[in-house]
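Novice:
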Amino acid sequence: MSFWGLGQLGISTVIFLLAATAAKQWGLAPSLGKIVLTLALYSLGNLIMLRLIREFGMSVSFSLSAVIQLVSVNVVALVFFGERVNALQATGIVLAVAAVALITLGPYLQKL
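For the sequence shown, the working numbering gives the first residue as 4, with consecutive numbering after it.
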């Protein structure tokens with residue numbers, strides 16, 4: 004993945020994090036403005052993802068995006084919103100990260 008591709012992935016992650024935060028805020032106190040903002044942010048993030056899919060393929064783009072979002076959204080939920088996960092949920096999150104890492108890095112690791 005190129006430096007520009009990683010940059011786009013980072014930008015889309017920030018946008019998706021902002022969208023998730025807006026969605027949480029809407030869930031706490033629904034309003035039309037919050038839902039419009041949430042939808043606009045998710046739409047913008049997905050437009051960037053379309054560019055990444057064209058450049059790097061669907062499997063790599065979505066796998067990387069999924070694991071980065073999985074980790075970052077959980078950090079935001081736990082740190083900023085005080086949410087908690089139990090041991091089974093935490094295990095699931097760790098296994099999900101490991102699964103996506105294997106899918107993404109698998110082709111490179113097989114060459115070793």
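Backbone N, C-alpha and C fix where the C-beta goes; we use that ideal spot for every residue, glycine too. Nothing here was measured: the structure is a model prediction, and the numbers come from that model.
Can you look up G60 in the DSSP assignment and give me helix, strand or coil?
Specialist: Looking at G60 - three-state DSSP - the assignment turns out to be coil, as it is neither helix nor strand.
Novice: With a threshold of 6 Å on Cβ separation, who are the neighbours of Y45 within its own chain once the five nearest residues in sequence on each side are excluded?
Specialist: Only A22 meet the Cβ criterion.
Novice: Can you tell me whether DSSP reads S5 as helix, strand or coil?
Specialist: Three-state result, S5: coil.
Novice: Going by CA-CA distance only, name the one from Q28, M52 and L53 that's closest to T41.
Specialist: When only C-alpha atoms are compared, the closest one is Q28.
Novice: CB T16 to CB Q72, shorter than 8 Å?
Specialist: Yes, the pair counts as a contact, with Cβ atoms nearer than the cut-off.
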